[in-house]
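S.K.: Just dropping this structure here.
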């Protein structure tokens with residue numbers, strides 16, 4: 001947590017960690033209290049054997065707000081975090097003043113989730129050095145900024161006794177949470193009363209045009225932004241744009 005002012009909770013995507021939001025936090029902390037979490041199963045947070053439903057993730061956000069003595073917050077999330085952000089808004093409406101969902105909707109197709117499952121599982125391997133990790137990440141996330149590669153390498157991996165480096169994210173947790181994506185939570189999506197903003201990368205492999213349009217049909221009064229030149233990883237490709245959208249919700 002850093003900064004002062006109205007609270008903003010930032011939730012990362014599948015297999016990532018709080019550090020992906022660092023540039024956005026840099027743009028907010030002089031006028032907002034920024035809380036970027038390692039969600040359960042990720043980073044330095046706990047990795048229980050079960051408990052990776054949408055409700056579990058949403059309740060975690062409220063647990064953190066309670067621990068910090070914060071009554072209300074804007075909740076923003078990317079991918080997994082986006083789904084969790086709208087669930088906080090739906091399940092705990094008195095705690096949320098605004099929601100920003102980055103590149104996710106309730107209508108992601110099963111084939112897209114199948115591909116995501118395979119892609120995430122492929123990332124669970126060991127590496128011999130930080131440089132090897134960065135080379136791998138540059139190939140996997142082709143459009144993210146150089147600093148984003150370094151942050152993922154620095155914060156996303158831990159050293160084993162033999163000196164090799166492996167992801168902090170837990171593979172069984174990732175399997176369970178991706179399976180949880182198959183529950184659409186569309187009723188909850190429609191039920192959010194707080195102002196909502198949605199961002200989609202024009203080249204996203206996760207949110208198809210059909211999934212985007214179905215979500216617009218559910219909530220035509222929301223703000224819908226397509227980011228040209230972006231794929232799925234908008235916070236790490238266009239952090240200034242994401243910061244501006246959060247400022248819009250904050251009213252600053």
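Numbering (the UniProt record's numbering), first residue to last: 1 to 252.
For glycine and all other residues, C-beta sits at the position ideal for the given N, C-alpha and C.
Given the structure is predicted, the values throughout are model-derived calculations rather than measurements.
#1: With distances taken Cα to Cα, identify the nearest neighbour of residue 281 among 172, 219, 190.
#2: Only counting the same chain, and skipping five residues up and downstream in sequence, which positions put a Cβ closer than 7 angstroms to that of residue 53?
#3: On the DSSP bridge assignment, give the partners of residue 175 in chain order.
#4: Check whether the segment 151-169 and the segment 195-205 are in contact - that is, three or more C-beta pairs closer than 8 angstroms.
#5: Can you tell me where the alpha helix (DSSP H) holding residue 211 begins and where it ends?
#6: Would you call the segment 41-53 and the segment 63-74 in contact, with 3 or more CB pairs under 8 angstroms?
#7: Using the rule of at least 16 other Cβ atoms within 10 Å of the residue's Cβ for burial, across every protein chain shown, is residue 124 buried or exposed?
#8: Is the beta carbon of residue 23 closer than 9 angstroms to that of residue 243?
#9: Could you work out which residue in 33, 5, 16 is closest to residue 170 when comparing CA atoms only?
#10: Across the segment 32-48 and the segment 3-13, are there enough close Cβ pairs to call them in contact, namely three or more that are closer than 8 angstroms?
#11: Out of 186, 227, 233, which has the shortest C-alpha to C-alpha gap to residue 219?
#12: Give the straight-line distance between the Cα atoms of residue 222 and residue 129, rounded to the nearest whole angstrom.
#13: Please report the distance separating the alpha-carbon of residue 213 from that of residue 224.
#14: Going by Cα to Cα distance, which pick from 20, 26, 126 is closest to residue 3?
#15: Would you say residue 80 and residue 61 are within 9 angstroms of each other, going by their C-beta atoms?
#16: Between residue 230 and residue 55, what straight-line distance do the alpha-carbon atoms span, to the nearest angstrom?
#17: Please work out which residues of its chain come closer than 6 angstroms, Cβ to Cβ, to residue 203, disregarding the five sequence neighbours upstream and downstream, and give them in chain order.
#18: What span of residues does the beta strand (DSSP E) with residue 35 cover, start to end?
#19: Looking at the structure shown, is residue 157 part of a helix, part of a strand, or coil, going by DSSP?
#20: In angstroms, rounded to a whole number, what distance separates the CA positions of residue 86 and residue 166?
#21: Threshold first: 4 residues or longer. Then list the alpha helix (DSSP H) segments lying entirely within the segment 39-78, N to C.
#22: Taking the continuous alpha helix (DSSP H) assigned at residue 5, which residues delimit it?
#23: DSSP beta-bridge partners for residue 224?
#24: Enumerate in chain order the residues of its own chain whose CB-to-CB distance from residue 108 is below 6 angstroms, with the five nearest sequence positions on each side excluded.
#25: Quick one: does residue 1 have its CB under 9 angstroms from some CB of chain D?
#26: From the DSSP output, in three-state form, read off residue 97 for me.
#27: What do you reckon, is the C-beta of residue 204 under 8 angstroms from a heavy atom of the ligand MG?
M.R.: Walking through what the data contain:
#1: Any question about residue 281 goes unanswered here, given that the chain covers just 1 to 252.
#2: Counting from 1 along the chain shown, the entry for residue 53 is found at position 53. Correct list, in chain order: 180.
#3: For this step, residue 175 is matched to residue 175 along the chain shown. For residue 175, which the question treats as bridged, DSSP gives no partner whatsoever.
#4: no
#5: The residue given as residue 211 occupies position 211 in the chain shown. From DSSP, the alpha helix (DSSP H) with residue 211 extends over 209-218.
#6: no
#7: In the chain shown, the residue the question calls residue 124 occupies position 124. Classification of residue 124: exposed, given that the 10 Å Cβ count is below 16.
#8: By 1-based counting over the chain shown, the position of residue 243 is 243. By 1-based counting over the chain shown, the position of residue 23 is 23. Yes, Cβ-Cβ distance for residue 243 and residue 23 is below 9 angstroms.
#9: On the chain shown, residue 170 is found 170 positions in, with the first residue counted as 1. Taking only the C-alpha atoms, the option nearest residue 170 is 16.
#10: yes
#11: In the chain shown, residue 219 corresponds to position 219, counting from 1. Measuring from the Cα of residue 219, the nearest candidate turns out to be 186.
#12: By 1-based counting over the chain shown, the position of residue 222 is 222. By 1-based counting over the chain shown, the position of residue 129 is 129. Cα to Cα, the separation comes out at about 45 angstroms.
#13: Walking along the chain shown from the start, residue 213 turns up at place 213. Walking along the chain shown from the start, residue 224 turns up at place 224. Those two C-alpha atoms are separated by around 10 angstroms.
#14: Here the question's residue 3 lines up with position 3 in the chain shown. Among 20, 26, 126, the Cα nearest to that of residue 3 belongs to 26.
#15: Counted from its first residue, the chain shown places residue 80 at position 80. Counted from its first residue, the chain shown places residue 61 at position 61. Taking 9 angstroms as the Cβ cut-off, residue 80 and residue 61 do not qualify as a contacting pair.
#16: Looking up residue 230 in the chain shown gives position 230. Looking up residue 55 in the chain shown gives position 55. Each residue's Cα considered, the two are about 29 angstroms apart.
#17: Start at 1 with the first residue of the chain shown, and residue 203 comes out as number 203. Excluding sequence neighbours, residue 203 sits near 231.
#18: In the chain shown, counting from the first residue as 1, residue 35 sits at position 35. 33-37 is the span of the beta strand (DSSP E), which, as asked, contains residue 35.
#19: Taking the first residue of the chain shown as position 1, residue 157 is located at position 157. Strand at residue 157.
#20: For this step, residue 86 is matched to residue 86 along the chain shown. For this step, residue 166 is matched to residue 166 along the chain shown. Straight-line Cα distance between these residues: approximately 31 angstroms.
#21: 54-68
#22: Reading the chain shown from its first residue, position 5 is the one you call residue 5. No alpha helix (DSSP H) holds residue 5; DSSP gives it neither H nor E.
#23: As a first step, residue 224 is located in the chain shown; it is residue number 224 there, counting from the start. Answer by DSSP bridge pairing, in chain order: 198.
#24: Residue 108 sits at position 108 when you count from the first residue of the chain shown. The residues are 211.
#25: Absence of chain D from the displayed structure is noted, only one protein chain being present.
#26: Reading the chain shown from its first residue, position 97 is the one you call residue 97. Strand, per DSSP.
#27: No copy of the ligand MG occurs in the structure displayed, which carries no ligand at all.
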